[in-house]
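2 protein chains.
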Amino acid sequence: MSGTTRLLLADDQALVRGALAALLALEPDLEVVAEVGRGDEVLAAVAEHRPDVCLLDIQMPGIDGIEACAAVRAAHPDVRVLVVTTFGRPGYLRRALEAGASGFVVKDTPATELAEAVRRVRAGLRVVDPVLATESLVDGASPLTERESDVLRAALDGEPVSAIAARLHLSGGTVRNHLSAAIGKTGTRTRAAAARVARERGWI
Amino acid sequence: MSGTTRLLLADDQALVRGALAALLALEPDLEVVAEVGRGDEVLAAVAEHRPDVCLLDIQMPGIDGIEACAAVRAAHPDVRVLVVTTFGRPGYLRRALEAGASGFVVKDTPATELAEAVRRVRAGLRVVDPVLATESLVDGASPLTERESDVLRAALDGEPVSAIAARLHLSGGTVRNHLSAAIGKTGTRTRAAAARVARERGWI
DNA sequence: ACCTCGCCATGACACCTGTCACGGGTGCAA
DNA sequence: TTGCACCCGTGACAGGTGTCATGGCGAGGT
């Protein structure tokens, strides 16, 4: 069986999505059966088209690729997921694997390797960028508490503490305490730098 | 002549680059003759392979696509440039056109339109996303002075004023003056928000 | 020559931030 | 029960930040 492997593509950039489809269509054993541009369309498309492997981008409107991966794995355990993303942030890799992804490749890997990665995932193997795996180990999981993450996320757009506090229904002092803790854990000196570092590490 | 249009692809993400090559290779009148992953490799590749049209991403290591476009146009006025970028920021469009680009498409346009855009550029026409063009008009050019842009760029990673001043060989007070002006021009209240807005607008 | 504009700088002021110490509350595991 | 970690809050303090007034310099345009 499995003369051809059925694929679903999810990427918010239509041009990239179509280009990946063209690339994968060159392989005689691969077939793109569905394309979606939003994370919250993935589950329905899987149910309708029954792919063998899903290629999911992380940053998408609706829900992100990580959540979409978890949803697909929960509803269709036989469907495997390969996360294909722009940013090789260690936290992304860890969270993707926790969500049940079988593989994780960044978009600056050579195009010739994508089809092989798909085949490996199809065969039940794991595909993980080796350099990213080591980075993930040294950086480890996020040391931020849930509330610290919330506050740091709210601080991403540079609003003053008062606005953050209002949006989260907290006291200004509490926000500053959480920010201070996050600043310490990221090894930075301002909340802006802490937010940037946490985002790069995939902690938020 | 011009049985086929010769193309150069420049994108830092190898997977996207290869996928675009596969997509364009489906068109019988188009031929990808060169691929590069860095902005500072574009000029040499143009000189060597003599493409008719260059597809340049903006964000690349080395020099960005805008500068690469200007360099190509200066050295090879007969080579046309189509900027293909992720972010449809109005400032990018304006700067790309100033640099001599013949076209500007964002990566979430349908894949089927890319080949047509390339043909239009090849024919000497301009290709510009219409909604982006209107946004560019309403937002206008950057109101920031050169120094304000420098300071705001240096403020992007959240360093304190003292670090910015040291990096730019300025006094702390001067940095704060420039930041204050930028905050006023962006309609924000903190330098972090000003930097974010300026980046979204393509002003920096 | 004059004026305007950008650039750099200083000083002063009100305000915001980052840090610390402290307390009270919850939930969870030893 | 006793810790322990997380959450929320207050108060206080040093230092950073945003704003303004003011001044000097040089490059353009009238």
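Residue numbers (our numbering), protein chains in the order written: chain Y, 1311 to 1514; chain L, 1311 to 1514.
Ideal Cβ placement from N, Cα and C applies to all residues, glycine included.
Note that the structure is a prediction, hence the values are computed from the model and not measured.
>> Taking its Cβ as the centre, do 16 or more other Cβ atoms sit within 10 Å of L:L1435, making it buried, or is it exposed?
In response: Against the second sequence, residue 1435 of chain L aligns to sequence position 125. Looking at its Cβ environment, which holds fewer than 16 other Cβ atoms inside 10 Å, L:L1435 is exposed.
> So what's Y:V1441 in DSSP terms, helix, strand or just coil?
Replying inline: Residue mapping note: residue 1441 of chain Y aligns to position 131 of the first sequence, counting from 1. Helix.
>> Contact defined as beta carbons within less than 8 Å: I believe Y:L1366 pairs with Y:A1378. What is the distance between those atoms, to the nearest angstrom?
In response: Here the question's residue 1366 of chain Y lines up with position 56 in the first sequence. Here the question's residue 1378 of chain Y lines up with position 68 in the first sequence. So it is a contact: roughly 6 Å between Cβ atoms.
>> What residue range does the beta strand (DSSP E) around L:A1320 cover?
In response: Within the second sequence, residue 1320 of chain L is the residue found at index 10, counting from 1. Start and end: 1315-1320.
>> In this structure, how does DSSP classify Y:R1430 when only helix, strand and coil are distinguished?
In response: Here residue 1430 of chain Y is taken as the residue at index 120 of the first sequence, counted from 1. In the structure shown, Y:R1430 adopts helical secondary structure according to DSSP, grouped into three states.
> Using a C-beta to C-beta distance shorter than 8 Å, which residues of chain Y count as neighbours of L:K1417?
Replying inline: Here residue 1417 of chain L refers to the residue found at position 107 when the second sequence is read from its first residue. The contacting residues are Q1323, A1324, L1325, V1326.
> Where do the N-terminal and C-terminal ends of the alpha helix (DSSP H) with L:A1385 fall, by residue?
Replying inline: As a position in the second sequence, residue 1385 of chain L is number 75, starting the count at 1. That run of the alpha helix (DSSP H) goes 1375-1385.
>> Check whether the segment 1413-1427 of chain L and the segment 1318-1327 of chain Y touch, using three or more Cβ-Cβ pairs below 8 Å as the test.
In response: Contact holds: three or more Cβ-Cβ distances are below 8 Å.
>> In this structure, how does DSSP classify L:T1395 when only helix, strand and coil are distinguished?
In response: As a first step, residue 1395 of chain L must be located in the second sequence, where it is residue number 85. Residue state, collapsed to three classes: strand.
> How about the segment 1384-1400 of chain Y and the segment 1354-1371 of chain Y: do they share at least three Cβ pairs that are nearer than 8 Å?
Replying inline: Result yes; three or more Cβ-Cβ pairs closer than 8 Å.
> beta strand (DSSP E) containing Y:L1366: first to last residue?
Replying inline: The residue given as residue 1366 of chain Y occupies position 56 in the first sequence. Where Y:L1366 is concerned, the enclosing beta strand (DSSP E) stretches over 1363-1366.
>> Can you look up Y:L1333 in the DSSP assignment and give me helix, strand or coil?
In response: One-based indexing of the first sequence puts residue 1333 of chain Y at position 23. Helix at Y:L1333.
> Taking a cut of 7 Å between CB atoms, which residues from the segment 1460-1491 of chain Y lie near chain L?
Replying inline: D1467, G1468, E1469, P1470
> DSSP state of L:R1405, grouped into three classes?
Replying inline: Here residue 1405 of chain L refers to the residue found at position 95 when the second sequence is read from its first residue. DSSP places L:R1405 in the helix class (H, G or I) of the three-state scheme.
>> Using a Cβ-Cβ distance cut-off of 8 Å, determine whether L:L1318 contacts chain Y.
In response: Locating residue 1318 of chain L in the second sequence gives position 8, where the first residue counts as 1. No, L:L1318 does not count as interfacial toward chain Y.
>> Is there a Cβ of chain Y sitting closer than 8 Å to that of L:L1330, yes or no?
In response: Within the second sequence, residue 1330 of chain L is the residue found at index 20, counting from 1. Yes - at least one Cβ of chain Y is within 8 Å of the one on L:L1330.
> Y:A1491 to Y:E1458, Cα distance in whole Å?
Replying inline: In the first sequence, the residue the question calls residue 1491 of chain Y occupies position 181. In the first sequence, the residue the question calls residue 1458 of chain Y occupies position 148. Using only the alpha carbons, I get a separation of about 8 Å.
> Going along the chain, which residues of the segment 1492-1507 of chain L sit with their C-beta nearer than 9 Å to a C-beta in chain Y?
Replying inline: T1498, R1499, T1500, R1501, A1502, A1503, A1504, A1505, R1506, V1507
> Where does Y:G1468 fall in DSSP's three states?
Replying inline: To locate residue 1468 of chain Y, count along the first sequence from 1; it is residue 158. In this structure, Y:G1468 counts as coil in the three-state DSSP scheme.
> Which partner residues does Y:V1415 have in the DSSP bridge list?
Replying inline: Position 105 of the first sequence, counting from 1, holds the residue named residue 1415 of chain Y. DSSP, once it has assigned bridges, lists Y:V1394 as partnering Y:V1415.
> Taking 8 Å as the CB-CB limit, is Y:A1411 close to chain L?
Replying inline: Here residue 1411 of chain Y is taken as the residue at index 101 of the first sequence, counted from 1. False, the Cβ-Cβ gap to chain L never drops below 8 Å.
>> Quick test of your reading: L:V1363 and L:R1390, contact by CB under 8 Å. State the CB separation rounded to the nearest angstrom.
In response: For the purposes of this step, residue 1363 of chain L is taken as residue 53 along the second sequence, with counting starting at 1. For the purposes of this step, residue 1390 of chain L is taken as residue 80 along the second sequence, with counting starting at 1. Their Cβ separation, rounded to whole angstroms, is 5 Å, which keeps L:V1363 and L:R1390 in contact under 8 Å.
>> Give me the DSSP bridge partner(s) of L:V1261.
In response: Any answer about residue 1261 of chain L is impossible in this case: the structure gives chain L only from 1311 up to 1514.
>> Against L:P1420, what residues of chain Y qualify as contacts under a CB-to-CB distance less than 9 Å, listed in chain order?
In response: Counted from its first residue, the second sequence places residue 1420 of chain L at position 110. Neighbours of L:P1420 on chain Y, chain order: A1324, L1325, G1328.
> Among L:D1374, L:R1360, L:L1340, which one has its Cα closest to the Cα of L:D1321?
Replying inline: Along the second sequence, read from residue 1 onward, the residue named residue 1321 of chain L stands at position 11. When each option's Cα is compared against that of L:D1321, the closest is L:D1374.
> Grouping DSSP H, G and I as helix and E and B as strand, with all else coil, what is Y:A1344?
Replying inline: For the purposes of this step, residue 1344 of chain Y is identified with residue 34 of the first sequence, where counting begins at 1. It is a strand residue.
> Considering only C-alpha positions, which residue in the set L:I1474, L:A1406, L:G1401, L:V1507 is nearest to L:V1382?
Replying inline: By one-based count along the second sequence, residue 1382 of chain L stands at place 72. Among L:I1474, L:A1406, L:G1401, L:V1507, the Cα nearest to that of L:V1382 belongs to L:A1406.
> Which of the residues in the segment 1375-1403 of chain Y, read from start to end, lie with their CB under 8 Å from any CB of chain L?
Replying inline: Answer in chain order: V1394, T1396.
> Can a CB atom of chain Y be found closer than 8 Å to the CB of L:L1336?
Replying inline: For this step, residue 1336 of chain L is matched to residue 26 along the second sequence. Closer than 8 Å: yes.
> For Y:G1313, which of Y:A1464, Y:A1332, Y:D1339, Y:L1333 has the nearest alpha-carbon?
Replying inline: Counting from one through the first sequence, the residue named residue 1313 of chain Y turns up at place 3. Comparing Cα-Cα distances from Y:G1313 to each of Y:A1464, Y:A1332, Y:D1339, Y:L1333, the minimum goes to Y:D1339.
> Could you give the residue range of the alpha helix (DSSP H) that holds L:A1491?
Replying inline: Working through the second sequence from its first residue, we reach residue 1491 of chain L at position 181. Where L:A1491 is concerned, the enclosing alpha helix (DSSP H) stretches over 1482-1496.
> Interface residues of chain Y around L:L1424 at Cβ under 7 Å?
Replying inline: Along the second sequence, read from residue 1 onward, the residue named residue 1424 of chain L stands at position 114. Ordered by position in chain Y, the residues that pass the 7 Å Cβ test against L:L1424 are L1325.
> Since L:L1333 meets chain Y, which of its residues come closer than 7 Å, beta carbon to beta carbon?
Replying inline: Indexing the second sequence from 1 puts residue 1333 of chain L at position 23. Per Cβ cutoff of 7 Å: G1328, A1329, A1332.
> With a Cβ-Cβ cutoff of 8 Å, do L:R1506 and Y:D1467 count as a contact?
Replying inline: Sequence index remark: in the second sequence, residue 1506 of chain L carries index 196 (1-based). Sequence index remark: in the first sequence, residue 1467 of chain Y carries index 157 (1-based). Against a cut-off of 8 Å, the Cβ pair of Y:D1467 and L:R1506 comes out as a contact.
> By DSSP, does L:D1339 sit in helix, in strand, or in coil?
Replying inline: For this step, residue 1339 of chain L is matched to residue 29 along the second sequence. L:D1339 falls in the coil class under three-state DSSP.
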